[in-house]
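Visitor:
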Amino acid sequence: MRGEAGAGRGRRGGVAAPVAVFAVTRAVLLLYVWKVLTVPGGMDVTSDVSVIYRGWYDRLSAGTFPSGDVTWQYPPAAALVVLAPGLLAGLLDYASAFFVLALAADAAVLAMLLYATGRRAGRGRRRAPRAEGRRPAGVWAWVAGVPLLGPTAYARYDLMVTALAVAALLAAARSPRWAGVLAGLGAMVKVWPALLLLGTPRGRATRTMWTWALVTVLVLAAGFAATMPGSLDFLTGQRDRGTEVESVGALALHAARHFAGWDGEVLLRYGSMEFVGPGVRRVTEAAVVLTGAAFGWLLLWRLRARHWTAGTVADAALAAVLVFVVTSRVLSPQYLLWLVGLAAVCLTLRAGRQALPAWLVLVATGLTQVEFPTRFADVVASEGIGTLALVVRNLLLVVAAVLACARLWRSTVPHPAGTVAASGQRPPDDDEDGGDDEGGGHGKPPVGVREQPVGEDGGVPGMRGRPGERQLS
168 MRGEAGAGRG RRGGVAAPVA VFAVTRAVLL LYVWKVLTVP GGMDVTSDVS
218 VIYRGWYDRL SAGTFPSGDV TWQYPPAAAL VVLAPGLLAG LLDYASAFFV
268 LALAADAAVL AMLLYATGRR AGRGRRRAPR AEGRRPAGVW AWVAGVPLLG
318 PTAYARYDLM VTALAVAALL AAARSPRWAG VLAGLGAMVK VWPALLLLGT
368 PRGRATRTMW TWALVTVLVL AAGFAATMPG SLDFLTGQRD RGTEVESVGA
418 LALHAARHFA GWDGEVLLRY GSMEFVGPGV RRVTEAAVVL TGAAFGWLLL
468 WRLRARHWTA GTVADAALAA VLVFVVTSRV LSPQYLLWLV GLAAVCLTLR
518 AGRQALPAWL VLVATGLTQV EFPTRFADVV ASEGIGTLAL VVRNLLLVVA
568 AVLACARLWR STVPHPAGTV AASGQRPPDD DEDGGDDEGG GHGKPPVGVR
618 EQPVGEDGGV PGMRGRPGER QLS
């Protein structure tokens, strides 16, 4: 009895502490976006909501997409997020209603992570908390990660997208069908959640999740195309974008400007600050090539991967989004919210292999608030503390991307025969390594990796439930 009472107090304490810190930090964020407190550096990070989003709201409410607006570059379901503050129109002005909905999305992610961490903690004494394959580090990563980005987190709609992605990843093992629906919906709000589909285990789980994601995308696309003109114009909206000043590729231009007297300039284009001048096109084209190469590597990994654990879907998602973020022509501050959400899921799943990249993402998020909005003038001028913070932040993200990809490969791809022979391990044969896509086999795990097998239906044995059922960029 005393043991059960102690366990109950421990569980309550494990929830009370992060909830208390969440309440305090989010109250501070709301004070900033409501302008009770002044953002360090004096920049107004809320103008995107109060001016641009509000303008989109008026156009969307009239039944058309803002196709003539170069800052609108989003899939059609983004309209649902922009229109959502209208539900509170009788109570709050548009911007205030948006901030409240951002808080709701933030709280929803915390609730999902808390539930995932303690889902079976009270269901019988035979099952120890560690046996659940969950850990509280992910909860704390989310509680700390959002305020590390600062008030920008509540002044963009990326929190809503991240909430959909987190829900999809946490649902993947228990219900690939719902995971597919959530990933498809997220992709129709801001594209990148489509990358969550890369890490699904072979066999029925992949077929179910991919099919439901595709059905969701097609239904939404058809519905918007039939009812609102211009819904698919986003497909060409980013065609002429250049190199944004905070991207990894922009570091070469910052260096050329600072050390070699490069005579380029920074202009507001497509809703973000971009470099314009000699050599910029080459940097932009190189970024596009690197993005293509990253996609090719991910496809190669998908073809070679044989070993799946309960954490592989989240591990692959973090690696995929990291490589696309660091090779992108644009790296807006709010992109870090995507990474914080994925990192929190990876840290929640004990089978995950991305702990170090996840914590590097948290450090990079804190540095992001230094370069934007606090010292963004430095970044535009390619000088000072802001640019130094940008350089360190981007290098950390590159290191995190390389580590995430390396860990994903080592934990899922069988060793070459020569390497395995040298290590004294027997390579998996055709029956073991899942050569039959329908079988869902996973072979022997790499050296040092504890296998958590995934069944044919994508579920993890022992888990309850039956699977199958400023800057606008």
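Sequential numbering of the sequence shown, starting at 168, is according to this note's numbering.
The beta-carbon is built from N, C-alpha and C at its ideal position, and this holds for glycine as well.
Keep in mind that this is a model prediction, so the values were computed, not measured.
Alpha carbon to alpha carbon, how far is ASP430 from THR541? Give it in angstroms, no decimals.
Guide: So the two alpha carbons sit approximately 25 Å from each other.
Visitor: Taking one C-beta from the segment 213 to 227 and one from the segment 262 to 278 each time, how about it: are there three or more such pairs within less than 8 Å?
Guide: In short, these stretches touch, since the Cβ pair count reaches three.
Visitor: Do you know how far the Cα of ALA522 is from the Cα of THR231?
Guide: Going by the C-alpha atoms only, they are around 44 Å apart.
Visitor: When we look at the beta-carbon of VAL443 and count the other beta-carbons within 10 Å, is it buried (16 or more) or exposed?
Guide: Counting Cβ neighbours within 10 Å, VAL443 comes out exposed, since fewer than 16 surround it.
Visitor: Ordered along the chain, which non-local residues of its own chain (more than five positions away) have a Cβ less than 8 Å from that of GLY208?
Guide: Excluding positions up to five away in sequence, the list reads PRO540, THR541, ARG542, PHE543, ALA544.
Visitor: Would you say the segment 461 to 468 touches the segment 572 to 579, given that touching needs at least three Cβ pairs under 8 Å?
Guide: Yes, since at least three Cβ pairs between the segment 461 to 468 and the segment 572 to 579 fall closer than 8 Å, the two stretches touch.
Visitor: If you draw a straight line from the alpha carbon of ALA183 to that of ALA190, how long is it in whole angstroms?
Guide: Those two C-alpha atoms are separated by around 10 Å.
Visitor: Mind checking whether SER549 and ARG424 have CB atoms under 7 Å apart?
Guide: Cβ distance < 7 Å, so SER549 and ARG424 count as in contact.
Visitor: If distances are taken between C-alpha atoms only, which option among THR394, LEU363, PRO252 comes closest to TRP223?
Guide: When only C-alpha atoms are compared, the closest one is PRO252.
Visitor: Report buried or exposed for GLY289, applying the criterion of at least 16 other Cβ atoms within 10 angstroms of its Cβ.
Guide: Since pLDDT at GLY289 reaches only 40, below the 50 mark, its modelled position is unreliable, and the value read off the structure follows with that caveat. Exposed, by the Cβ-count rule.
Visitor: Whether or not the segment 232 to 246 and the segment 386 to 402 are in contact is what I'm after, with contact meaning three or more pairs of Cβ atoms, one per stretch, closer than 8 Å; do they touch?
Guide: In short, these stretches touch, since the Cβ pair count reaches three.
Visitor: Classify LEU470 as buried or exposed, calling it buried when 16 or more other Cβ atoms lie within 10 Å of its own Cβ.
Guide: Per the 10 Å Cβ criterion, exposed.
Visitor: Near ARG302, which residues of its chain fall below 6 Å by C-beta distance, leaving aside the five closest residues on each side in sequence?
Guide: Result list for ARG302: ARG517, in chain order.
Visitor: Tell me which residues share the same chain as LEU227 and place their Cβ nearer than 7 Å to its Cβ, disregarding the 5 neighbours each side in the sequence.
Guide: The answer, listed in chain order, is ALA246, VAL249, LEU250.
Visitor: Would TRP377 and LEU364 qualify as a contact pair, given that the criterion is a beta-carbon distance under 7 Å?
Guide: Contact: yes.
Visitor: Taking just the CA atoms, how far does ALA567 sit from ALA525?
Guide: Straight-line Cα distance between these residues: approximately 8 Å.
Visitor: Just to confirm before moving on: does the CB-CB distance between THR383 and LEU336 stay below 7 Å?
Guide: Contact: no.
Visitor: Take TRP309 and list the residues in its own chain whose beta-carbon comes closer than 8 Å to its own, dropping the five residues that flank it on each side.
Guide: Around TRP309: VAL276, LEU277, LEU280, VAL507, GLY508, ALA511.
Visitor: Between the Cα of ALA274 and those of ALA483, THR192, ASP236, MET395, spot the shortest distance and give me the residue it belongs to.
Guide: When each option's Cα is compared against that of ALA274, the closest is THR192.
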